[in-house]
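So that you can map any letter, position 69 of the sequence shown is 69 in the UniProt record's numbering, and since no number is skipped, the others follow by simple counting.
Think of the CB as a built atom: it goes at the ideal place given N, C-alpha and C, for glycine as much as any other residue.
Treat the numbers as computed from the prediction; the structure is a model and nothing was measured.
Report on one structure; see the data block that follows.
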Amino acid sequence: MTREAEIAELVAAAREAMANAHAPYSRFAVGAAVRLTDGSIVTGCNFENASYGLSLCAETVALATVNAQGRFADVAAIAVVGGAMDGAGQAIVTPCGRCRQVMNEAEQMAGRPLAIYCATPDGGQIVEHSVAALLPHAFGPADLGITPVRKN
């Protein structure tokens with residue numbers, strides 16, 4: 001599979017996850033897809049709560065699911081797609097600050113740079129970012145002397 005096809009597949013998975021968002025308060029759906037080193041994809045979507053502060057972002061849901069599978073160090077790339085549930089607008093959504101921090105953790109634990117693909121809700125436009133560009137001067141495991149741990 002070509003690099004372009006892999007990116008398109010990852011964005012399509014994020015778009016599919018976006019359709020499952022539980023966002024009755026903001027009416028803003030977000031889907032995320034994480035590609036692992038073996039090529040498999042794990043998805044997540046935002047999950048809101050009436051107590052707004054307890055809501056979960058799509059990126060965090062997907063990465064927590066990866067971790068629950070014991071695969072946190074196997075993260076290779078992440079795609080994020082979001083937009084209004086009424087279909088209005090085609091803006092490219094980037095991860096919030098919390099999700100950028102979680103992505104930094106994933107990158108440091110994986111021991112490799114992660115590509116972050118942010119796309120319009122229709123998948124027509126895709127922008128690639130690095131974790132460093134999204135979260136300059138990040139604080140993470142390496143600052144605490146923690147090195148990646150491979151689970152076999």
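- In the displayed model, A13 falls within a helix according to three-state DSSP.
- Counted as a single uninterrupted DSSP element, the beta strand (DSSP E) harbouring L36 occupies residues F28 to L36.
- By the C-beta density criterion, P95 is buried, having at least 16 other C-beta atoms within 10 angstroms.
- Taking a C-beta distance under 8 Å as the contact criterion, A79 and L144 do not qualify as a contact pair.
- Taken through DSSP and simplified to helix, strand or coil, T60 comes out as helix.
- In the three-state DSSP reduction, F139 falls in the coil class, being neither helix nor strand.
- In the DSSP annotation of this structure, the continuous segment of the alpha helix (DSSP H) that includes G97 starts and ends at G97 to A110.
- Annotated three-state conformation of I126 is strand, per DSSP.
- Annotation for V102: E59, T60 and L63 place their beta carbon closer than 8 Å to its own, counting only its chain and skipping 5 residues before and after.
- Residue environment for D86: exposed (fewer than 16 other C-beta atoms within 10 angstroms of its C-beta).
- Bridge partners of I78 according to DSSP: V34 and I116.
- With contact defined as three or more Cβ pairs closer than 8 Å, the segment 103-115 and the segment 45-55 are not in contact.
- According to the DSSP secondary-structure assignment, I41 is paired through a beta bridge with R35.
- When the five nearest sequence neighbours on each side are left out, the beta carbons in the same chain lying within less than 8 Å of the beta carbon of M18 are those of A29, V30, G31, C45, A58, V81, G82, G83 and P121, in order along the chain.
- If you check the CB distance, V131 and E107 come in under 8 Å.
- The C-beta distance from P148 to M109 rounds to 5 Å, short enough to fall under 8 Å.
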